[in-house]
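I have placed the structure first, in the form of structure tokens, so that the comments after it can refer back to it.
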Amino acid sequence: MKHLEDFHPGDTVDLGAWTFTADEIVDFARDFDPQAFHLDEAAGKASLFGGLAASGWHVASAWMRLWVDHQSREIAEALARGEEPPAAGPSPGFDDMRWTKPVLADDTITYRTTVIGGRASKSRPGWGILDSLNEGFDATGRRVFHFTGHVFMPTRPEG
Amino acid sequence: MSEAPLRRFEDFEVGEEIDLGHRTVDHDEIVRFAAKWDPQPMHLDEAAGRASLGGGLIASGWHTAALFMRMACDTVLLRSASLGSPGIERLVWKAPLRPGDTLSARMRITDARASASRPDLGFLGCDVVMTNQRGEVVVTMTTTLMMGRGRTA
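Right under this line is the structure:
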């Protein structure tokens, strides 16, 4: 089972890739961010983005989905080894989220998470907070998205 | 089109408080968002939620953030010269969002600066607070909006 102490600064996990189809960009935008440049190719072309662009919250949500899928694989692997699966807690929030390049229809973004550090939680005994840099890269390797995430992780029991 | 002119950079004032309205969230939309974007048990299933730190079915934090975006679009951004956002300086999930909760959101303009490189662009700093029907703070966020600037457009 993974505890806070099992993560080390610089540890990197490749989370996989997400392709942003035009249909999915428009579906997400209709529900949550119906600005014209997220709904319509022509409006996107005429905007700063230069094409039908995914909502920034869509780009962030795809990161979350890939992170959850990664966690699910880790849990399955731990169970297969006969171990108690790791149980990350909730996230208290994030810092410095940046959408540095537009994500346009049919772009495939590859996501990666890198451990920055960890610290004991002052408010929750038995838990710590793991800090990570989360990034998305386009097909040419340019970084299009990043943020610093925080998540509660159990600390290793004493003894 | 015969609509009112769009709010531009110059039409926002530092210190202005903007009411982003209210939104009640039901069980099905919480589960629908989570199934697609954050399929963790406490966002999908009441019993799993009760067994978690959340103490019941709770919405994905990304869902709550996306609902801020929708509320901001419906009240301000779709009637503005919004050009998107470069990012979020900080977001804090302070309390869970549960089925039946009604979110209220407010946004305060904290900073307005013209782009040095683009005469048609300005940046608005914003502090956002989302509360539930009991007045508990659910989300706080510090973000920046990009707005069309000048009267030529």
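Quick note, the sequences are listed as chains A and B, same order. Quick note: to get our numbering, add 2 to the position in the first sequence (first position is 1). Quick note: to get our numbering, add 4 to the position in the second sequence (first position is 1). Think of the CB as a built atom: it goes at the ideal place given N, C-alpha and C, for glycine as much as any other residue. Remember, it's a predicted structure, so these values are computed and weren't measured experimentally.
1. Under a CB-based cut-off of 7 Å, is L81(A) close to chain B?
2. Give me the Cα-Cα distance between A80(A) and I62(B), rounded to the nearest whole angstrom.
3. Would you mind reading off the limits of the alpha helix (DSSP H) that contains D108(A)?
4. For V96(B), which residues does DSSP report across the bridge?
5. Considering only the beta carbon of each residue, do G95(A) and W97(B) sit closer than 7 Å?
6. Could you say if the region 99-111 of chain B and the region 48-68 of chain A meet the contact criterion of at least three C-beta pairs nearer than 8 Å?
7. Taking C-beta pairs closer than 8 Å, name the residues in chain B that F62(A) reaches, listed in chain order.
8. Can you look up S74(A) in the DSSP assignment and give me helix, strand or coil?
9. Under DSSP, the beta strand (DSSP E) around H5(A) begins and ends at which residues?
10. Name the chain A residues that come within less than 9 Å of R27(B), Cβ to Cβ?
11. Please work out which residues of its chain come closer than 8 Å, Cβ to Cβ, to T23(A), disregarding the five sequence neighbours upstream and downstream, and give them in chain order.
12. DSSP three-state label for R67(A), please.
13. Any residues in the region 117-132 of chain B with a beta carbon nearer than 7 Å to a beta carbon of chain A? Which ones, in chain order?
14. How is H67(B) classed by DSSP in three states: helix, strand or coil?
For this structure:
1. no
2. 26 Å
3. Here D108(A) belongs to no alpha helix (DSSP H), and DSSP marks it neither H nor E.
4. G95(A), T144(B)
5. yes
6. no
7. A quick correction: the sequence has Ala, not Phe, at residue 62(A). What A62(A) touches in chain B: W66, A69.
8. helix
9. Counting along the chain, H5(A) falls outside any beta strand (DSSP E), and DSSP gives it neither H nor E.
10. Within chain A, no residue comes near R27(B); the closest Cβ sits about 11 Å away, beyond 9 Å.
11. A107, D108
12. helix
13. none
14. helix
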